[in-house]
DNA sequence: ACAATATTTAACCATTCAGTTAATATTTCA
DNA sequence: TGAAATATTAACTGAATGGTTAAATATTGT
């Protein structure tokens, strides 16, 4: 059930969905509470939640609940670990000692092109 | 010149653009070399590069170059640091001792539903 | 000056996306 | 049983997105 990085980034591209993640980061919440946090109709939020769910960023909570009408969503961990790792890899571009060399090489090389 | 996290995620939502970042992560490259790496016309790549530039993920290299027709692009650091930090914050949802408590509370609480 | 090269901008088109309202489950509770 | 509450799916619409080809801009080299 691993979510691809591309799916994760596509799911997070919409600002509303990113804010939903920030809310779920505090604690799992039912769809209605999430919809109420935005000036947005329930169906619109429902679709955002579906995107997040299909892409594997959240899951519907199956735990026993006092009201079965509520659908409580919680974050899944894997996509965020993967995103974290990728961002760290990209950052390695600068932390490498290589970067200093790259700067130097870019400024002095003459015929080294592709 | 700080790029917002929302801009960063929007720029990375497209798989082509994410692959461009992966290529630039190795070393800065001219637009033509990037276009050649995908089965895609030069104008299409040019637009992807424009998105990445406008959103602040890459910059055109101003260093003295042997051929002024080439536009070499390189990654900017800040957006990736920010993305890394945000993903780490989301992950804290699990590494917190709180998480254990949350699981417990979810399973046992009865009337705690805001 | 002129042809070739590198890249972008312009104009166009098909698809995707995010929002809305209306209709459809499902569960709760009076 | 039946109205209220929670949430989703369906159908529609306008805006944004990503690709294409043609035209324009700037630089290089004969």
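Chains as they are written, first to last, in the numbering used here: chain A, 55 to 168; chain B, 55 to 168. The C-beta atom is built at its ideal place from N, Cα and C for all residues, glycine as well.
DSSP state of residue 172 (chain A) mapped onto helix, strand, coil: There is simply no residue 172 (chain A) to check, as chain A begins at 55 and stops at 168 in what is shown.
Residue 126 (chain B) in three-state terms, based on DSSP: Strand, per DSSP.
Tell me the residue span of the alpha helix (DSSP H) that contains residue 107 (chain B). Counted as a single uninterrupted DSSP element, the alpha helix (DSSP H) harbouring residue 107 (chain B) occupies residues 96-108.
With a threshold of 7 Å between beta-carbons, can residue 60 (chain A) be considered close to chain B, or not? Yes, its Cβ sits closer than 7 Å to a Cβ of chain B.
Determine whether the Cβ of residue 123 (chain B) lies closer than 7 Å to any Cβ atom of chain A. With 7 Å as the cut-off, residue 123 (chain B) does not count as an interface residue toward chain A.
Would you report the Cα separation of residue 90 (chain A) and residue 101 (chain A), rounded to the nearest angstrom? When rounded, the distance between both Cα atoms is 14 Å.
If we call anything under 7 Å between Cβ atoms a contact, is residue 18 (chain B) one with residue 141 (chain A)? No information on residue 18 (chain B) is available, as it lies outside the stretch 55 to 168 that chain B covers here.
Specify, as a first and last residue, the run of the alpha helix (DSSP H) that residue 71 (chain A) falls within. Here the alpha helix (DSSP H) through residue 71 (chain A) covers 69-78.
Comparing C-alpha positions only, which one of A:134, A:148 and A:146 sits nearest to residue 147 (chain B)? Per the Cα distances, A:134.
Give a yes or no on whether 7 Å exceeds the smallest Cβ distance from residue 141 (chain B) to chain A. True, the Cβ-Cβ gap to chain A drops below 7 Å.
Local Cβ density within 10 Å of residue 62 (chain B), reported as buried at 16 or more and exposed below that: Burial check for residue 62 (chain B): the Cβ neighbour count within 10 Å reaches 16 or more, so the residue is buried.
Beta-carbon proximity list for residue 55 (chain A), same chain, < 7 Å, skipping 5 on both sides: Residues 110 of the same chain have their beta carbon placed closer than 7 Å to that of residue 55 (chain A), with the five preceding and five following residues left out of the count.
Going by CA-CA distance only, name the one from A:150, A:60, A:88 and A:128 that's closest to residue 73 (chain B). Here the closest residue by C-alpha is A:60.
If we cut at 7 Å on Cβ distances, does residue 144 (chain B) have a partner in chain A? So, interface residue.
If you reduce the DSSP assignment to three classes, tell me which class residue 133 (chain B) lands in. If DSSP states are grouped into helix, strand and coil, residue 133 (chain B) belongs with the helices.
Chain B partners of residue 69 (chain A), CB-CB under 7 Å? Correct list: 60.
Residue from B:132, B:99 and B:136 with nearest C-alpha to residue 84 (chain B): Taking only the C-alpha atoms, the option nearest residue 84 (chain B) is B:99.
If you compare alpha carbons, which of B:95, B:143, B:127 and B:138 is closest to residue 75 (chain B)? For residue 75 (chain B), the closest C-alpha among the options B:95, B:143, B:127 and B:138 is that of B:127.
Report the neighbours of residue 130 (chain B) on chain A: residues whose CB is nearer than 9 Å to its CB, in chain order. Chain A residues near residue 130 (chain B): none, gap ~10 Å exceeds 9 Å.
Taking just the CA atoms, how far does residue 114 (chain B) sit from residue 88 (chain B)? Straight through space, the alpha carbons of residue 114 (chain B) and residue 88 (chain B) are spaced by roughly 13 Å.
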